[in-house]
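The working numbering puts the first residue of the sequence shown at 31, with every later residue one more than the last.
The structure appears right after this line, and notes come after that.
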Amino acid sequence: MAEKKKRLGKGLDAIFGGDIDSILSDIDHKTDGEGVSELAIDKIRANPYQPRKKFEDEALKELADSIREHGVFQPIIVRKSEVAGYELIAGERRLRASKLAQKNTIPAIIVKMDDRQMMEISLLENIQREDLTAIEEAEAYDKLINKLGYTQEELAGHIGKSRVHVTNMLRLLKLPSAIKKMVEDGKLSYGQARTILSVTDEDAAIKLAERAYKEGLTVRKLEELTSDKKKPKKTEPEPDIYLENVRHIMESKLATKVDITKHKITISFNDDDDLNRILEIIDCLDS
């Protein structure tokens, strides 16, 4: 554990102390001397580590209207590109809305960051804003763990969540692609998707997910349905070969239906005459 923390120290911890909220609020004191600059929007490239895939059109339009009237209050954060222009680190909604508002420039803070630091702040900043879909959040967790070496405990501490929450979110990545897309499209909630995880057969899981969406099934109803699927089906006991043989012999001799269990023989008859016929065969009538 100690060695892991030392390795993490090469990331944001070494520069900003590891508190992502402090990073974003105090980052103007950590620039390379240029402070807040007005940068040409067409010189800024999107963040390759941005976990969000979907941006709500209506929310962007509202922000664009605000930017037209009042401008951008909070600068975006960028780094200089090794090729040309700048690469966005944080503030994609503001950048998109500024483009929508037909602005040519945007206030920005330029910082020095390597790829690791850029990925770390991009993922953590978006996670803490809590506007990702459940799948986007899970994928961000996965990148922080597998690419940046976080443990689940360390990640939970950074984002202010429990380790159980992190574990449950990561489990969503095991869902079939079709179900993950339904979550991303808002057709299934996190709770519904988490419940469907217990269905191990992929086709059955997809069918249940589609049913949950079409019928608006609650998490509780899904829990009932998945619980039923887990219950072992009652199987008929294997017939005793010896008793089966005896039953066939008796039915053949008595010409009627005979049922035999371990401790009981049941002989069927139609009426008194049929009963007397059977009794005579087994020699039970008085002479």
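All C-beta atoms in this analysis are idealised placements derived from N, C-alpha and C, irrespective of residue type, glycine included.
In this text the structure is predicted, and so the values were computed from the model without any measurement.
C-beta contact flag for residue i and residue j at 7 Å
i    : j    : result
D289 : T296 : yes
L174 : L153 : yes
Q222 : V249 : yes
T225 : T256 : yes
L338 : V102 : For residue 338 there is no data in the structure shown, the boundaries of the chain being 31 and 317.
Y171 : L205 : no
I106 : L125 : yes
L93  : A120 : no
L284 : I308 : yes
M149 : Y79  : yes
L252 : A242 : yes
I157 : I189 : yes
I74  : Y116 : yes
Supposed close pair residue i, residue j - CB separation, criterion 8 Å
i    : j    : result
V213 : A138 : The pair is not a contact, with the Cβ atoms about 33 Å apart (cut-off 8 Å).
L76  : R98  : Checking the sequence, you will find Ala at residue 76 rather than Leu. Their Cβ separation, rounded to whole angstroms, is 22 Å, which puts A76 and R98 out of contact at 8 Å.
L81  : E166 : Rather than Leu, the amino acid found at residue 81 in this sequence is Pro. Indeed they touch by this definition, with Cβ atoms about 5 Å apart.
F299 : T286 : 6 Å
Run of the beta strand (DSSP E) containing residue i, from where it starts to where it stops
i    : result
I290 : 288-290
V108 : 106-110
I140 : 135-140
V66  : 66-70
L93  : From DSSP, L93 is part of no beta strand (DSSP E) but of the alpha helix (DSSP H) over 87-100.
Y220 : That residue, Y220, is in no beta strand (DSSP E); its alpha helix (DSSP H) goes 220-226.
Min CB distance residue i to chain B below 7 Å
i    : result
G221 : Among the protein chains of the structure shown there is no chain B, as only one such chain exists.
Extent of the continuous alpha helix (DSSP H) to which residue i belongs
i    : result
L238 : 232-245
A114 : No alpha helix (DSSP H) contains A114, which DSSP labels as neither H nor E.
K210 : 207-214
**Asked** Where in the stretch 272-315 do unbroken runs of the alpha helix (DSSP H), each at least 4 residues long, occur, reported from the N-terminal end onward?
**Response** 302-311
**Asked** Can you list the alpha helix (DSSP H) stretches of 4 or more residues lying completely in the stretch 124-200, in chain order?
**Response** 145-159, 164-176, 182-189
**Item:** Given 8 Å, three or more beta-carbon pairs between the stretch 131-145 and the stretch 65-76
**Value:** yes
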